[in-house]
Amino acid sequence: MFNRDQKEFDIKEAETIIGPSVKVKGNFHGTGNIIIEGTVEGSVKTDKYLLVGEKAEISASIEAGEAKVAGIVTGNITVKGYLEIAATANISGDVNAHEISIEKGGVVNGKLTIGTMEKAKKEIAEN
Amino acid sequence: MYIYIYDSFVNHKKYEKVLARIETRITDLGLNGKIVRIGIMTSVHDVVENELRKGANTIIAVGNNGIFSQALNSIAKLTNVGQNVTLGLIPIDREKNEIANLLGIEPEERACDILSARRIQTLDLGKAGNNYFLTQAQITTDSTKLEIDENYTIETREPGEIFILNLPTLDLGIDKDISNAEDSKLELLIRTAKTKKIIPTKKGGINHSYLNFKSVNIINQKHHLILDKHLNVDTPALVTIAKEKINLIVGKGRGF
């Protein structure tokens, strides 16, 4: 699992990988760690770690235990734990997470809500 | 009782000597049984069904991936006829014998010693429509649409291959930790020309897709789905893990 002290997520721990040549449409829900480098339209959900890579283009609502976003996301993001927004990220939507870091260059067009883990957990449970 | 089913291609004269050596070795090892040669008018399924009804419990396919796939399908479809049937393989030629390599079965008469050791492993099977497979189902990405678990669809934008993995053949270069035939699960792998390693290093980046699923409906109007490198199946085809399993004779050097 990824945490703030780790520099990179171990790719071998990913249960699901959506590569750059792939387009997914629909409700993409997993139970393990997910890496997305391709295109997703719909919704993405996991209790574990989600990595949205630099090549990824996501038009979907996102829910995850922890996440790093380095690609383009159009949609709301809800993260129970720590959300890392990389310099290459471009997010159009509301972001809700317990902890957030935004690297210089990272773009967020939307409402940022930080430190409301209970609210985020409740939202995930309700959905 | 052992039933040896010879694929039609081994009826060619050039295989006479190797078949004679195999039959001698079988006799030496006390593995004698009935030999059935498949010809134009003989169906593997009919042969297997007849022999299972007569009480056969071990079917040995003699040939390559093709006869193995046909025998495996017949046994899986006839579970109401034959209980606890075991399938073995004597590979002839090195070509088109990737399944033998995977199972650790040495070619030709050396396979007889592996049959004699009778190391049996019970493995999962995949099912595509009404057909079964042990290793993988594959189809080109060209014009292929995947509907997964009735929740989402996948389309691929680059030329490549789509694999549904149960027990992938060794030539795919897939780590056994990624896919095995004892977890009652299938995996989907999409690789393109840019894919170098299935487990990428940080340097190489990610150029493949990989995920678990319960069922995938494969749709392609132009191309067939290929099971176990042999059997062409029309689409749409719903692919799932089968409830039937297969007992296989495997070698020490198996790749799983």
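As given, the protein sequences belong to chains A and B, one line each in that order.
Mapping of the first sequence onto this note's numbering: residues -1 to 125, in sequence order.
Mapping of the second sequence onto this note's numbering: residues 1231 to 1486, in sequence order.
We treat Cβ as the ideally placed atom computed from N, Cα and C, and that holds for glycine.
Source: prediction; values computed, not measured.
In this structure, how does DSSP classify residue i when only helix, strand and coil are distinguished?
i, result
"Q1313 (chain B)", "coil"
"L1275 (chain B)", "Per the sequence shown, residue 1275 (chain B) should be read as His rather than Leu. DSSP places H1275 (chain B) in helix when its eight states are reduced to three."
"E1385 (chain B)", "strand"
"G1296 (chain B)", "helix"
"K1264 (chain B)", "strand"
"L1455 (chain B)", "strand"
"N1462 (chain B)", "strand"
"A95 (chain A)", "strand"
"E1474 (chain B)", "strand"
"K1404 (chain B)", "With the sequence shown as reference, residue 1404 (chain B) is identified as Ile, and Lys is not the correct amino acid for it. Coil."
"R1211 (chain B)", "This structure leaves residue 1211 (chain B) out entirely; chain B is present only between 1231 and 1486."
"E1380 (chain B)", "coil"
"A87 (chain A)", "coil"
"S59 (chain A)", "strand"
"F1363 (chain B)", "strand"
"A1250 (chain B)", "helix"
"N1303 (chain B)", "helix"
"G1344 (chain B)", "Here the sequence assigns Ile to residue 1344 (chain B), which means Gly is not the residue at that position. Correct three-state label for I1344 (chain B): helix."
Quick one: residues in its chain with C-beta nearer than 6 Å to the C-beta of residue i, no 5 flanking neighbours on either side, listed in chain order?
i, result
"E97 (chain A)", "Y80"
"E13 (chain A)", "G30 and N31"
"A95 (chain A)", "V77 and L81"
"T37 (chain A)", "K21 and E55"
"H27 (chain A)", "K43"
"E1380 (chain B)", "none"
"N1314 (chain B)", "none"
Excluding the 5 residues flanking residue i on each side, which residues of the same chain have their C-beta closer than 7 Å to its C-beta?
i, result
"Q4 (chain A)", "For Q4 (chain A), the predicted structure reports a pLDDT of 46, less than 50, and the residue's modelled location is therefore unreliable. The matter cannot be settled from this model."
"A1467 (chain B)", "A1358, G1359, I1448 and L1455"
"K1415 (chain B)", "N1442 and I1471"
"E1391 (chain B)", "Q1368, T1370, T1371 and R1421"
Going by beta-carbon coordinates alone, are residue i and residue j separated by less than 8 Å?
i, j, result
"E1388 (chain B)", "T1371 (chain B)", "yes"
"I1335 (chain B)", "G1435 (chain B)", "no"
"I1252 (chain B)", "I1320 (chain B)", "yes"
"K21 (chain A)", "G40 (chain A)", "no"
"K1475 (chain B)", "D1354 (chain B)", "yes"
"V1248 (chain B)", "E1338 (chain B)", "yes"
"L1282 (chain B)", "G1312 (chain B)", "yes"
"S19 (chain A)", "T1422 (chain B)", "yes"
"L1478 (chain B)", "S1346 (chain B)", "no"
"V50 (chain A)", "G73 (chain A)", "no"
If you drop the 5 nearest sequence neighbours on each side, which residues of the same chain put their C-beta closer than 8 Å to that of residue i?
i, result
"H1242 (chain B)", "none"
"F1393 (chain B)", "Q1366, A1367, Q1368, L1402, L1418, L1419, I1420 and R1421"
For the segment 1431 to 1458 of chain B, which residues have a CB atom closer than 7 Å to at least one CB atom of chain A, in sequence order? Within the segment 1431 to 1458 of chain B, the qualifying residues are K1432, I1436, N1437, H1438, S1439, Y1440, L1441 and N1442.
Chain B contacts from the segment 41 to 75 of chain A (Cβ-Cβ distance under 8 Å): Within the segment 41 to 75 of chain A, the residues whose Cβ lies closer than 8 Å to some Cβ of chain B are G51, listed in chain order.
Going along the segment 1288 to 1304 of chain B in order, which residues come within less than 9 Å of chain A, judged by CB to CB distance? Listed in sequence order: no entries.
Between the segment 82 to 102 of chain A and chain B, which residues of the former have a C-beta closer than 9 Å to a C-beta of the latter? Flagged: no residues at all.
Measuring CB atoms only, is the segment 100 to 112 of chain A touching the segment 1283 to 1292 of chain B, in the sense that at least three cross pairs come out at less than 8 Å? With fewer than three CB-CB distances shorter than 8 Å, the segment 100 to 112 of chain A does not count as touching the segment 1283 to 1292 of chain B.
Looking at chain A, which residues of the segment 1369 to 1384 of chain B have a Cβ within less than 7 Å of any of its Cβ atoms? For the segment 1369 to 1384 of chain B, which is checked against every Cβ of chain A, the residues closer than 7 Å are N1381, Y1382, T1383 and I1384.
Decide yes or no for the touch test of the segment 1337 to 1351 of chain B against the segment 1270 to 1285 of chain B: beta carbon pairs closer than 8 Å, at least 3 of them. With the cut-off at 8 Å, the segment 1337 to 1351 of chain B and the segment 1270 to 1285 of chain B do not touch.
Taking a cut of 9 Å between CB atoms, which residues from the segment 11 to 23 of chain A lie near chain B? Answer set for the segment 11 to 23 of chain A: A12, E13, T14, I15, I16, G17, P18, S19, V20, K21, V22 and K23.
Check distances from the C-beta atoms of the segment 1397 to 1425 of chain B to those of chain A and list, in chain order, the residues that come in under 7 Å. Answer in chain order: I1420 and T1422.
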